[in-house]
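Everything on this sheet refers to the single structure shown next.
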Amino acid sequence: MKKIGLFCVCAFVLASLPSVCNAQVDTRWEIHDRNRPLPPVIDPGTSSTQDAPGRPPSDAVVLFDGKDLSQWVEKKDGSPAKWKVENGYFEVVPKTGDIQTREAFGDCQLHVEFAEPSPPKGEDQDRGNSGVFLHGLYETQVLDSYQNKTYADGQAAAIYGQYPPLVNASRPPGQWQTYDIVFHGPRFDASGKLTRPARETVFHNGVLVQDNVELTGPTGHHVRPPYKPGPDKLPLALQDHNHPVRYRNIWIRELKSAE
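Start counting the sequence shown at -18; every next residue gets the next number (this note's numbering).
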């Protein structure tokens, strides 16, 4: 069976890579100090295939288990999410609106699987359009970019309006695809001044496409809005862009610094 993402490799790399810029050696411990606390032991889970989703890591928060949307609400009013659930996936119901998680999250590792409508309809931005919004503000574009030309910073795996992906790693419509994202949110001081911009790393189908990029601010269309002070934790959102994109096997791990 063909794997749809380099799960084991990505899980290791994703959990550590974006922290490198800010990581510093903890001087409380000697080199090879046997008294230093060991990291928690987890079950890393299993890889997905086109036929079935994999099993999340044991320390992940499962946001969709193939059964219901109990972890999600309508973004506009907090009512139960109205997207369609069937056969182990859920599907955007056009014009019902964006959905977001009930729970808020901060710095995180996020795994999302999606499939574009097949047969494809439309072209450019009007083809399998949706989006993954970290903090509900920062969009990683979901689009059918398989043999479908559009502007570079709006294709699949772009940080929308800011950074095109390093490569186009899209699969054909109808096939399951993966995003593995590491996100470090912005930080603000007591006066509301930005002290640390948000940063993001993205693997698309196991391929590095965003390499710890520094976000200029929230997502906008034809604009780049400035940062506004906010909490360290906010809900994750998925976009209704009037296309029946499918999602499955969504899980998230909150990131903490090693001791």
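Positions of the beta carbon are idealized from the N, C-alpha and C atoms, including for glycine.
Three-state class that DSSP yields for D32 in the structure shown: Here residue 32 refers to the residue found at position 51 of the sequence shown. Residue state for D32 is assigned as coil, using DSSP reduced to three classes.
Pick out the complete beta strand (DSSP E) segments inside the region 44 to 81, 3 residues or longer, and give them in chain order. 53 to 55, 65 to 67, 70 to 72
Could you pull the start and end residues of the beta strand (DSSP E) that H252 belongs to? Outside the shown range of the chain, which is -18 to 240, sits residue 252, and nothing can be said about it.
So is W10 buried or exposed if we call it buried at 16+ other beta carbons inside 10 Å? Counted from its first residue, the sequence shown places residue 10 at position 29. Burial call: exposed.
Using 8 Å as the threshold, is the region 147 to 160 in touch with the region 175 to 194, meaning 3 or more CB pairs across them? yes
Residue span of the beta strand (DSSP E) that contains L217, given as start and end: Position 236 of the sequence shown holds residue 217. Start and end: 215 to 219.
For P210 and E104, what's the separation of their Cα atoms in angstroms? Locating residue 210 in the sequence shown gives position 229, counting from the first residue. Locating residue 104 in the sequence shown gives position 123, counting from the first residue. Straight through space, the alpha carbons of E104 and P210 are spaced by roughly 37 Å.
Between the Cα of Q156 and those of A4, P20, Q122, T30, spot the shortest distance and give me the residue it belongs to. Your numbering for residue 156 matches position 175 in the sequence shown. Among A4, P20, Q122, T30, the Cα nearest to that of Q156 is on T30.
Is it the case that the region 163 to 176 contacts the region 105 to 112, given that we only count it when at least three CB pairs across the two stretches are under 8 Å? no
What's the C-alpha gap between V183 and Y160? What you label residue 183 is simply residue 202 of the sequence shown in a count that begins at 1. What you label residue 160 is simply residue 179 of the sequence shown in a count that begins at 1. Distance between the alpha carbons of V183 and Y160: 7 Å.
Runs of beta strand (DSSP E) lying entirely within the region 69 to 142, each at least 3 residues, in chain order: With a minimum length of 3 residues, the continuous beta strand (DSSP E) runs that stay inside the region 69 to 142 are 70 to 72, 80 to 86, 89 to 96, 111 to 115, 119 to 123.
Going along the chain, which residues of its own chain have a beta-carbon closer than 8 Å to the beta-carbon of G117, five neighbours each way excluded? Counted from its first residue, the sequence shown places residue 117 at position 136. Excluding residues within five positions, the ones whose Cβ falls inside 8 Å are K56, Q81, L215, P216, L217, A218.
Taking Cβ positions, are P37 and G26 nearer each other than 7 Å? Against the sequence shown, residue 37 aligns to sequence position 56. Against the sequence shown, residue 26 aligns to sequence position 45. Yes, Cβ-Cβ distance for P37 and G26 is below 7 Å.
Taking only three categories from DSSP, how would you classify W10? Counted from its first residue, the sequence shown places residue 10 at position 29. The answer is coil: DSSP assigns W10 none of H, G, I, E or B.
Which of the three DSSP states, helix, strand or coil, is assigned to R17? Position 36 of the sequence shown, counted from the first residue, corresponds to residue 17. Three-state DSSP puts R17 in coil, outside helix and strand.
Considering only their Cβ atoms, is the gap separating P18 from P101 smaller than 7 Å? Indexing the sequence shown from 1 puts residue 101 at position 120. Indexing the sequence shown from 1 puts residue 18 at position 37. The answer is no: Cβ separation not under 7 Å.
In chain order, what residues of the same chain have a beta carbon less than 6 Å from the beta carbon of L115, not counting five sequence neighbours either side? On the sequence shown, position 134 is the one that residue 115 refers to. Non-local beta-carbon contacts of L115 in its own chain, meaning distances under 6 Å to residues more than five positions away in sequence, involve F164 in chain order.
From S39 to Y228, what does the alpha carbon distance come to, in whole angstroms? Position 58 of the sequence shown, counted from the start, is the residue given in the question as residue 39. Position 247 of the sequence shown, counted from the start, is the residue given in the question as residue 228. Roughly 21 Å separates the two Cα atoms.
Simplified DSSP assignment, three categories, for Y144: If you number the sequence shown from 1, residue 144 lands on position 163. Of the three classes helix, strand and coil, the one that applies to Y144 here is strand, per DSSP.
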